[in-house]
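Participant: Numbering (the working numbering), first residue to last: 1469 to 1762.
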């Protein structure tokens, strides 16, 4: 049985419109399905937890990266197959999965594909699929919410970047990789990637791969002037910020950040904490790997 999990407000209503298209498409292919339309935060995660112990189940997520985050927290390390139908504002994890941009084309590609597995990340007691981070990215996310009315893609994020320039200051943090010694850093941004993209297509972690068993991490330190951060933006979009002299690039299975009063961006969700402990969950989510992802 395939369950469609629909966030009706995702993508400024795109998920709701896609739901009708998906119903017609699945009926035309004689595929048995049911629909679950979320009305409040946490409902998608609760549904997935209830399905996780059952056999022969699959879910299709009609929403964005936030909806997917709920779903992976319910399905992680289960045998339920997860399909992603990109209907959000940024759809960054759909890019990591190399899915077609059109939601129904993405659904069709996955229905015709074999099962496979991808990695997930854990931060303290929460799971994430795509990218986590601290620093400038968190302030951008706070500001981007104000501009979501501008539509899908990168434009709301760019407006959030401009607004964040006037509010951000670097963070003093202690960071360790794979249980090694701590390094004290004055962070402008630190991104921990299972996937590559944030903000509708910006390459935050350009070399991350969703099924290689490792995080890719990029830290940029010591840049605090508005002008310098603004000049970094084109490089952040293209992923070439990883080559800056003040950038530190690493691959790891675990990472710890200690920074009292920090806020962590977890797939677009903001989580306050003093210590963030990250671990890589290898092959933790069962998916359908489309032809574009082989």
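Where is the CB? At the ideal position from N, CA and C, for every residue including glycine.
Which ranges would you report for the alpha helix (DSSP H) in the stretch 1659 to 1742 if only whole runs of at least 4 residues count?
Facilitator: Correct list: 1694 to 1706.
Participant: Can residue 1745 and residue 1598 be called in contact, C-beta distance under 8 Å?
Facilitator: No, the pair does not count as a contact, with Cβ atoms beyond the cut-off.
Participant: For residue 1491, name the three-state secondary structure that DSSP assigns.
Facilitator: Here residue 1491 sits in helix by DSSP.
Participant: With distances taken from CA atoms, which of 1581, 1543, 1652, 1587 is nearest residue 1681?
Facilitator: Among 1581, 1543, 1652, 1587, the Cα nearest to that of residue 1681 belongs to 1587.
Participant: Buried or exposed: residue 1483, going by 16 or more other Cβ atoms within 10 Å of its Cβ?
Facilitator: Residue 1483 is buried by the Cβ-count criterion.
Participant: Quick check on residue 1622: does DSSP put it in helix, strand or coil?
Facilitator: Correct three-state label for residue 1622: coil.
Participant: Label residue 1803 either buried or exposed according to how many other C-beta atoms from any shown protein chain fall within 10 Å of its C-beta, with 16 as the threshold for buried.
Facilitator: As displayed, the chain neither begins before 1469 nor continues past 1762, which places residue 1803 out of reach and without an answer.
Participant: In whole angstroms, what separates the C-alpha of residue 1562 from that of residue 1650?
Facilitator: Roughly 34 Å separates the two Cα atoms.
Participant: Would you mind sorting residue 1528 into buried or exposed? The rule is 16 or more other CB atoms within 10 Å of its CB.
Facilitator: Buried.
Participant: Give me the Cα-Cα distance between residue 1747 and residue 1725, rounded to the nearest whole angstrom.
Facilitator: Going by the C-alpha atoms only, they are around 12 Å apart.
Participant: Please report how far the alpha carbon of residue 1758 lies from the alpha carbon of residue 1634, in whole angstroms.
Facilitator: Approximately 42 Å, taken between the alpha carbons.
Participant: In terms of residues, what are the limits of the beta strand (DSSP E) holding residue 1644?
Facilitator: Where residue 1644 is concerned, the enclosing beta strand (DSSP E) stretches over 1639 to 1645.
Participant: Please say whether residue 1493 and residue 1575 have beta carbons closer to each other than 8 Å?
Facilitator: Yes, these two residues count as a Cβ contact at 8 Å.
Participant: As an exercise, report each continuous beta strand (DSSP E) stretch of at least 3 residues that is fully enclosed by the stretch 1541 to 1598, in chain order.
Facilitator: Runs of the beta strand (DSSP E) inside the stretch 1541 to 1598: 1549 to 1554, 1583 to 1591, 1594 to 1596.
Participant: List in chain order: all unbroken alpha helix (DSSP H) runs of 4+ residues lying wholly within the stretch 1500 to 1549.
Facilitator: Runs found: 1511 to 1519, 1533 to 1543.
Participant: Would you check if there are 3 or more beta carbon pairs closer than 8 Å linking the stretch 1625 to 1639 to the stretch 1512 to 1520?
Facilitator: No: fewer than three Cβ pairs fall under 8 Å.
Participant: For residue 1670, does the count of other Cβ atoms within 10 angstroms reach 16, so buried, or fall short, so exposed?
Facilitator: So residue 1670 counts as buried.
Participant: So residue 1755 and residue 1534 are supposed to be a Cβ contact under 8 Å. How far apart are they, rounded?
Facilitator: Their Cβ separation, rounded to whole angstroms, is 18 Å, which puts residue 1755 and residue 1534 out of contact at 8 Å.
Participant: Using 8 Å as the cut-off, can you tell me whether the stretch 1498 to 1514 makes contact with the stretch 1706 to 1720, which would need three or more C-beta pairs spanning the two stretches below that distance?
Facilitator: Output reads no: the stretch 1706 to 1720 does not touch the stretch 1498 to 1514.
Participant: Could you pull the start and end residues of the alpha helix (DSSP H) that residue 1633 belongs to?
Facilitator: Looking at the DSSP string, residue 1633 is not in any alpha helix (DSSP H), and its letter there is neither H nor E.
Participant: What is the DSSP secondary structure of residue 1498, counted as helix, strand or coil?
Facilitator: Looking at residue 1498 - three-state DSSP - the assignment turns out to be coil, as it is neither helix nor strand.
Participant: Between which two residues does the alpha helix (DSSP H) containing residue 1606 stretch?
Facilitator: Start and end: 1604 to 1612.
Participant: From the DSSP secondary-structure annotation, give me the bridge partner or partners of residue 1651.
Facilitator: DSSP output for residue 1651 lists 1643 as bridge partner(s).
Participant: Given 8 Å as the limit, is there contact between the stretch 1729 to 1743 and the stretch 1689 to 1698, that is, 3 or more CB pairs closer than that?
Facilitator: No, the stretch 1729 to 1743 does not touch the stretch 1689 to 1698.
Participant: Could you give the distance in angstroms between the alpha-carbon of residue 1601 and the alpha-carbon of residue 1678?
Facilitator: Rounded to the nearest angstrom, the two C-alpha atoms are 17 Å apart.
Participant: Within the present structure, is the beta-carbon of residue 1521 separated from the nearest heavy atom of the ligand ADP by less than 7 Å?
Facilitator: This structure lacks the ligand ADP; in fact it carries no ligand of any kind.
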